[in-house]
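Report on one structure; see the data block that follows.
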Amino acid sequence: MTKDRIQLTSSEIGTLWGEYVNGTMIDAVNRYMFTIIEDEAIKAIFEDAISTFERQKKQMVTFLENEGFPIPVGFSEADINKGAKKLFSDIFCLNYLHIMTLHGLIGHVTALGVSVRKDLRDFYDSCDNDGKQMYHQTIELLLEKGSFQRDPLFYPKKNPEFIENEDFTDGIFGKGRSLSATEIISISFNLKKSIMAKTLSIAFSQVAQSKEVKKFFTDSEKTADQQIQSFSKIMHQDNLPTPRSWETEVTTSTDSPFSDKLMMYHTGFLFQAAQVYHGTGLASAMRTDLITTYEGIILKNLMVTKKWFDIMEKNKWLEQPPLAPNRKELANENQ
């Protein structure tokens with residue numbers, strides 16, 4: 462057996478499964494947005510994104526089929542309501558593609574990090590290159606249109622400095638210091654992600670068919686807004702700017718472009734991914750108020766995720782990933 466034909470590990474199968482399901486979800490959104498975008502430059506980038514994923518999807522199918530695993534259902538044209546009215550502005554669509562490209566880059570690198578077989582490593586390496594190209598394209602176009610949001614600027618000091626007292630960690634009683642550049646990395650990133658989650662929750666709440674699903678989106682909007690307010694308050698205390706909101710880029714349409722299943726999965730995806738970024742922010746935080754803020758947000762997200770899981774399970778919308786063999790069940794089959 463050649464090094465390219467050794468059996469894929471559970472981690473390798475897991476990343477393929479996750480990349481397929483998440484990729485088909487984002488692809489469905491991209492395909493809808495492509496139909497409503499009027500700006501030709503933005504439309505061209507979405508066309509590239511759709512053709513790129515189509516190529517990646519075929520390769521993932523080949524990997525899974527060669528290992529004897531069923532192809533996930535994921536999402537498809539059946540989850541898009543063709544002819545639906547415009548729900549998002551062109552510039553929001555571009556910003557959406559930029560944020561989802563960031564998700565893709567992180568996912569590709571994570572998948573590469575657990576891959577051993579060379580053909581799979583080569584595949585994720587090419588996916589990473591595709592993602593980086595799309596990342597540059599979206600930033601350049603956002604800059605060109607004056608819509609890219611830069612993080613706050615700092616001004617240099619003459620010499621390196623060292624922490625000299627315990628006040629460095631105090632952010633509650635006002636004796637401490639201003640935010641560090643390393644802390645702002647996570648705060649700014651989490652702010653942008655929460656703004657995206659809030660905007661999508663507003664849009665989805667307008668068009669959802671099920672009353673239960675509609676209420677979930679209304680609740681998730683409030684949760685995202687609370688997170689935005691918490692992070693913004695910390696930034697404002699140091700007179701630092703925060704990213705703009707995107708709520709006004711959602712139209713007043715109540716014509717749903719997506720299935721409730723897709724919109725629910727997408728929202729759950731964002732809140733679950735946010736837990737990773739909040740955990741990273743918690744790990745890099747060195748101020749007590751930041752630590753408390755992250756801990757509260759993580760707890761609240763867990764509550765949202767629990768509600769999300771209950772609705773997904775109730776409607777049989779949550780596809781099950783490959784599981785480890787149940788040895789007890791196997792043993793009982795021979796009795």
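The opening position of the sequence shown corresponds to residue 462 in my numbering, with each subsequent residue numbered one higher. Ideal placement from N, C-alpha and C gives every residue a C-beta, glycine not left out.
| field | Outcome for His-597 when other beta-carbon atoms lying within 10 angstroms are tallied against a minimum of 16 | value | exposed
| said: Mapping the DSSP letters down to three states, classify Val-575 as helix, strand or coil. | reply: coil
| Leu-723 - containing alpha helix (DSSP H), residue span | 721-745
| field | From Leu-581, Glu-605, Met-561 and Lys-672, residue whose alpha carbon lies closest to that of Lys-653 | value | Met-561
| request: Counting only the same chain and skipping the five closest in sequence on each side, list residues whose C-beta sits under 8 Å from that of Glu-692. | output: Strictly speaking, residue 692 in this sequence is Phe, with Glu absent from that position. The residues are Ile-648, Asn-651, Leu-652, Ser-655, Thr-703 and Thr-754.
| Counting pairs of Cβ atoms below 8 Å between the stretch 608-627 and the stretch 717-731, do you hit three or more? | no
| Mind checking Ser-662: buried by the 16 CB within 10 Å criterion, or exposed? | buried
| Alpha carbon to alpha carbon, how far is Met-462 from Gln-468? | Because Met-462 sits at a pLDDT of 45, beneath the cut-off of 50, its placement in the model cannot be relied upon, and the following sentence gives the value as read from the coordinates. Each residue's alpha carbon lies about 9 Å from the other.
| message | Do Leu-573 and Gly-592 count as a contact pair if the criterion is CB distance below 8 Å? | response | no
| Residues of its chain near Met-521, where Cβ-Cβ distance is below 7 Å and the 5 sequence neighbours each way are ignored | Leu-477, Glu-480 and Tyr-481
| request: For Gly-635, name the three-state secondary structure that DSSP assigns. | output: Note that Gly-635 scores 46 on pLDDT, short of 50, meaning its location in the model is unreliable; the coordinates nonetheless yield the value given after this. Coil at Gly-635, not helix or strand.
| Ile-541, DSSP secondary structure in three states | strand
| query | Alpha carbon to alpha carbon, what distance is there between Glu-526 and Ile-689? | reply | 43 Å
| Quick one: Cα of Thr-709 to Cα of Leu-548, how far? | 11 Å
| query | Taking just the CA atoms, how far does Met-747 sit from Ile-820? | reply | Nothing can be reported for residue 820, as the shown portion of the chain is limited to 462 through 796.
| request: Kindly indicate which residue of Met-657, Pro-613, Val-668 and Ala-664 has the alpha-carbon position closest to the one of Ser-641. | output: Pro-613
| said: In whole angstroms, give me the CA-to-CA distance for Asp-716 and Ile-497. | reply: 13 Å
| Which residue's Cα is closest to the Cα of Ala-685: Met-764, Thr-713, Tyr-585 and Ser-671? | Met-764
| query | For Pro-786 versus Gly-475, is the C-beta spacing smaller than 8 Å? | reply | no
| Of the choices Ala-539, Asp-771, Gly-757 and Phe-609, whose alpha-carbon is the least far from that of Pro-718? | Ala-539
| task | With Asp-612 as the anchor, note down where its alpha helix (DSSP H) starts and where it stops. | result | Per DSSP, Asp-612 belongs to no alpha helix (DSSP H) and is neither H nor E.
| Residue from Thr-712, Lys-775, His-697 and Glu-644 whose Cα sits closest to the Cα of Lys-546 | Thr-712
| query | DSSP state of Val-711, grouped into three classes? | reply | strand
| Who does Phe-549 pair with in a DSSP beta bridge? | Val-711
| said: Suppose you measure from the CA of Phe-678 to the CA of Ser-666; what does that come to, to the nearest Å? | reply: 5 Å
| query | Just the Cα atoms here: how many angstroms apart are His-569 and Lys-761? | reply | 28 Å
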